[in-house]
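Asker: Numbering (full-length UniProt numbering), first residue to last: 1 to 276. Take a look at this one; I'll ask things after.
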């Protein structure tokens with residue numbers, strides 16, 4: 001489905017629940033958990049602006065985390081979704097928390113969200129971003145050969161899943177389109193590595209921060225900073241999971257999400273119609 005330039009999948013009935021993917025990913029990242037969640041909720045898995053099938057803002061327009069939050073907020077308002085439950089991974093986790101800080105979420109479940117790691121811990125990510133910038137100046141055929149090589153695929157798999165085999169038994173591949181010059185990834189990545197979540201005290205809704213023990217992209221040490229930023233947040237350590245835990249252990253991730261959602265009273269699916 002496409003609404004307001006945002007492409008999404010909708011499944012199930014009940015209170016609304018948004019699923020927001022990470023940087024360079026797409027809505028299909030949630031495939032391992034979406035059907036289980038749809039047994040209890042009306043689930044919306046979104047392609048964030050510039051990723052998957054959703055269009056990126058015009059190059060002349062601002063494109064950053066705040067702009068993405070604004071877009072998701074406007075999308076919810078245009079559909080009449082009132083304070084949905086919001087679940088996000090990595091970049092999507094930060095968007096979920098920012099929506100919570102604006103009072104726009106009934107609950108927030110953030111899986112390894114950006115915004116809590118130190119400058120030193122982000123060094124690897126900064127080097128990766130620099131490498132991606134160089135890559136945009138390399139002929140596409142050469143770059144495709146590099147990213148499809150066994151060593152690069154092995155390192156990608158290790159970074160995302162904390163092991164040298166992904167949950168499907170193979171090796172992960174980078175999406176070549178993601179790292180082309182002017183792509184949403186290359187426009188957004190520099191801000192992502194600098195971003196620090198500062199709205200913790202404003203997140204009043206039930207909040208869970210869950211982190212994979214084997215996350216090689218954003219170290220689990222960042223969990224220690226979450227409590228200082230969001231004192232009431234529940235912290236969950238996900239054993240045997242990497243940076244994309246819904247692929248490593250979908251059953252546990254579903255339970256983490258459901259437990260967070262169950263701590264809130266029921267919310268209307270849409271805003272009530274105005275009185276006649």
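Glycine included, each C-beta is placed from N, C-alpha and C at the ideal position.
Among 104, 218, 188, whose alpha-carbon lies nearest the alpha-carbon of residue 204?
Answerer: As a first step, residue 204 must be located in the chain shown, where it is residue number 204. Here the closest residue by C-alpha is 104.
Asker: Suppose you measure from the CA of residue 256 to the CA of residue 109; what does that come to, to the nearest Å?
Answerer: Translated into the one-based positions of the chain shown, residue 256 becomes position 256. Translated into the one-based positions of the chain shown, residue 109 becomes position 109. Distance between the alpha carbons of residue 256 and residue 109 is about 8 Å.
Asker: Candidates 189, 194, 100, 185: which alpha carbon is nearest residue 233's?
Answerer: Position 233 of the chain shown, counting from 1, holds the residue named residue 233. Minimum Cα distance to residue 233 is reached at 100.
Asker: So who's on the other strand from residue 68, going by DSSP bridges?
Answerer: Your numbering for residue 68 matches position 68 in the chain shown. Paired residue(s): none; residue 68 is not in a bridge.
Asker: Measure the beta-carbon distance from residue 115 to residue 185 and round it to whole angstroms, keeping in mind my assumption that it falls under 8 Å.
Answerer: Locating residue 115 in the chain shown gives position 115, where the first residue counts as 1. Locating residue 185 in the chain shown gives position 185, where the first residue counts as 1. With 8 Å as the limit, residue 115 and residue 185 do not qualify as a contact, their Cβ atoms being about 18 Å apart.
Asker: Relative to the C-alpha of residue 112, which residue among 254, 226, 81 is closest?
Answerer: As a working note, residue 112 is residue 112 in the chain shown. Among 254, 226, 81, the Cα nearest to that of residue 112 is on 226.
Asker: Which residue's Cα is closest to the Cα of residue 8: 31, 93, 240, 213?
Answerer: Taking the first residue of the chain shown as 1, we reach residue 8 at position 8. Closest option to residue 8, Cα to Cα, is 31.
Asker: Roughly how many angstroms lie between the CA atoms of residue 12 and residue 39, to the nearest whole one?
Answerer: Working through the chain shown from its first residue, we reach residue 12 at position 12. Working through the chain shown from its first residue, we reach residue 39 at position 39. When rounded, the distance between both Cα atoms is 6 Å.
Asker: Determine the contact status of residue 238 and residue 248, defining contact as a CB-CB distance below 9 Å.
Answerer: Here residue 238 corresponds to residue number 238 of the chain shown, with the count starting at 1. Here residue 248 corresponds to residue number 248 of the chain shown, with the count starting at 1. Yes. Within cutoff.
Asker: Spell out the partners DSSP gives residue 187 in its beta bridges.
Answerer: Position 187 of the chain shown holds residue 187. Note: residue 187 sits in no beta bridge, so no partner.
Asker: Output the distance between the C-alpha atoms of residue 172 and residue 62, rounded to the nearest integer angstrom.
Answerer: By one-based count along the chain shown, residue 172 stands at place 172. By one-based count along the chain shown, residue 62 stands at place 62. With a pLDDT of 46 at residue 172, under the threshold of 50, the modelled position of that residue is not reliable, and the figure given next carries that caveat. Each residue's Cα considered, the two are about 31 Å apart.
Asker: Could you pull the start and end residues of the alpha helix (DSSP H) that residue 32 belongs to?
Answerer: Numbered from its first residue, the chain shown carries residue 32 at position 32. Run containing residue 32: 31-38, per the alpha helix (DSSP H) assignment.
Asker: So, are the CB atoms of residue 52 and residue 27 less than 9 Å apart?
Answerer: Indexing the chain shown from 1 puts residue 52 at position 52. Indexing the chain shown from 1 puts residue 27 at position 27. The answer is yes: Cβ separation under 9 Å.
Asker: Inspect the CB distances between the segment 212-221 and the segment 82-89 and report whether three or more fall short of 8 Å.
Answerer: With the cut-off at 8 Å, the segment 212-221 and the segment 82-89 do not touch.
Asker: Taking C-alpha atoms, which residue in 244, 230, 200 lies nearest to residue 214?
Answerer: The residue you call residue 214 lines up with position 214 of the chain shown. Nearest option by C-alpha distance: 244.
Asker: Distance, Cα to Cα, residue 49 vs residue 57?
Answerer: Translated into positions along the chain shown, residue 49 becomes position 49. Translated into positions along the chain shown, residue 57 becomes position 57. Whole-angstrom Cα-Cα distance: 7 Å.
Asker: Out of curiosity, what's the CA-to-CA distance linking residue 254 and residue 36?
Answerer: Taking the chain shown and counting its residues from 1, the one referred to as residue 254 is at position 254. Taking the chain shown and counting its residues from 1, the one referred to as residue 36 is at position 36. Approximately 7 Å, taken between the alpha carbons.
Asker: Just to confirm my understanding: we take residue 202, look at its own chain, exclude 5 residues before and 5 after, and list those with CB closer than 7 Å. What are they?
Answerer: Numbered from its first residue, the chain shown carries residue 202 at position 202. Same-chain partners within the cutoff: 101.
Asker: Could you check what DSSP says for residue 102 in three-state terms: helix, strand or coil?
Answerer: Taking the first residue of the chain shown as 1, we reach residue 102 at position 102. In the structure shown, residue 102 sits in coil (DSSP, three-state: anything other than H, G, I, E or B).
Asker: With H, G and I counted as helix, E and B as strand and the rest as coil, what does DSSP make of residue 88?
Answerer: By one-based count along the chain shown, residue 88 stands at place 88. Looking at residue 88 - three-state DSSP - the assignment turns out to be strand.
Asker: Using alpha carbons as the reference points, say which of 231, 94, 10, 98 lies closest to residue 41.
Answerer: Position 41 of the chain shown, counted from the start, is the residue given in the question as residue 41. When each option's Cα is compared against that of residue 41, the closest is 10.
Asker: For residue 118, which of 222, 183, 21, 241 has the nearest alpha-carbon?
Answerer: Indexing the chain shown from 1 puts residue 118 at position 118. When each option's Cα is compared against that of residue 118, the closest is 222.
Asker: Residues in its own chain within less than 6 Å of residue 169 by CB, not counting five upstream and five downstream?
Answerer: Counting from one through the chain shown, the residue named residue 169 turns up at place 169. At residue 169, the pLDDT of 48 sits below 50, so the modelled position is not reliable and the matter cannot be decided from this model.
Asker: Using three-state DSSP, classify residue 228 as helix, strand or coil.
Answerer: Locating residue 228 in the chain shown gives position 228, where the first residue counts as 1. Three-state DSSP puts residue 228 in a helix.
Asker: Classify residue 94 as buried or exposed, calling it buried when 16 or more other Cβ atoms lie within 10 Å of its own Cβ.
Answerer: Reading the chain shown from its first residue, position 94 is the one you call residue 94. By the neighbour-count rule (16 or more Cβ atoms within 10 Å), residue 94 is buried.
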